[in-house]
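K.L.:
Mind having a look at this structure? Questions to follow.
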Amino acid sequence: MLTNWKPDKPFIDPFCGSGTIPIEAALIGQNIAPGFNREFVSETWSWMDSKVWDEARIEAEDLADYDQYLDITGCDIDHRMVDIAKANSFEAGLGDLIEFKQMQVRDISTRKEYGVIVGNPPYGERLGEKKAVEQMYREMGQAFKKLDTWSVYMITSNPDFEQHYGKPATKKRKLFNGFIRADLYQYWGKRPPRQPQGE
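Have a look at this one:
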């Protein structure tokens with residue numbers, strides 16, 4: 014929600030893990046209510062008329078836009094996580110609406126333009142991981158440099174992220190991932206040229 018992504022733009026999560034960010038993007042993109050396909054404890058409350066829940070579900074169904082085309086990709090270096098992400102996407106009722114691939118961040122490339130990359134990369138908090146994670150940040154910066162029309166949003170607690178990525182962020186926003194203080198590093202891509210207005 015803190016990005017400039019709209020459903021008509023391509024979307025990539027290079028560190029998708031179990032698929033949370035791409036799945037959330039797809040639900041937002043098709044205006045599907047959170048928890049639409051699950052049950053809630055409040056449905057069993059005797060003092061609440063079941064008609065309230067029925068009406069809420071009908072209203073949510075009417076507001077969903079299942080015809081909205083989406084171009085969403087989730088990537089992860091671990092093929093097991095890619096399989097889990099696919100299963101979670103089906104569980105969320107999205108079927109194969111999202112494309113999941115096993116891929117390292119340094120190999121991400123596309124000819125598409127004006128897309129959005131959102132990721133929650135490893136932070137390098139554990140002993141022995143720091144150097145590998147910093148190298149991965151450098152490789153990410155190199156790979157994304159070629160995508161100059163794309164906007165990049167990365168959440169990390171590493172205070173030296175910009176230095177390793179190779180570029181200062183356009184904007185930085187403080188967030189918390191659980192109890193871990195993190196920053197959302199925002200790199201805004203070039204804007205599409207303005208279309209001449211009709212007379």
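First residue of the sequence shown? That's 14 in my numbering, and the numbers climb one at a time after it.
A virtual CB, placed ideally from N, CA and C, is assigned to each residue, including glycine.
One question on the structure: do Val-95 and Lys-125 come within less than 8 angstroms of each other, judged by their Cβ atoms?
P.N.:
Cβ distance not < 8 angstroms, so Val-95 and Lys-125 don't count as in contact.
K.L.:
Looking only at DSSP bridge pairs, what is Asn-190 linked to?
P.N.:
Ile-193.
K.L.:
Quick one: using the 10 Å Cβ neighbour count with 16 as the cut-off for buried, is Met-14 buried or exposed?
P.N.:
When all chains shown are included, Met-14 counts as exposed.
K.L.:
Count the other CB atoms within 10 Å of the CB of Trp-163; is the residue buried (16 or more) or exposed (fewer)?
P.N.:
When all chains shown are included, Trp-163 counts as buried.
K.L.:
Does the count of Cβ pairs from the region 150–170 and the region 183–201 closer than 8 angstroms reach three?
P.N.:
Yes, they touch.
K.L.:
Let's see if you can read the secondary structure: which residues bound the alpha helix (DSSP H) around Val-118?
P.N.:
Run containing Val-118: none; DSSP gives neither H nor E here.
K.L.:
Within the same chain, show all residues whose beta-carbon is closer than 6 angstroms to that of Lys-99, passing over the 5 residues directly before and after it, in chain order.
P.N.:
Result list for Lys-99: Phe-113, in chain order.
K.L.:
Between the region 76–86 and the region 38–54, do at least 3 Cβ pairs fall closer than 8 angstroms?
P.N.:
Yes: at least three Cβ pairs fall under 8 angstroms.
K.L.:
Along the chain, where does the beta strand (DSSP E) that runs through Phe-24 open and close?
P.N.:
Where Phe-24 is concerned, the enclosing beta strand (DSSP E) stretches over 24–26.
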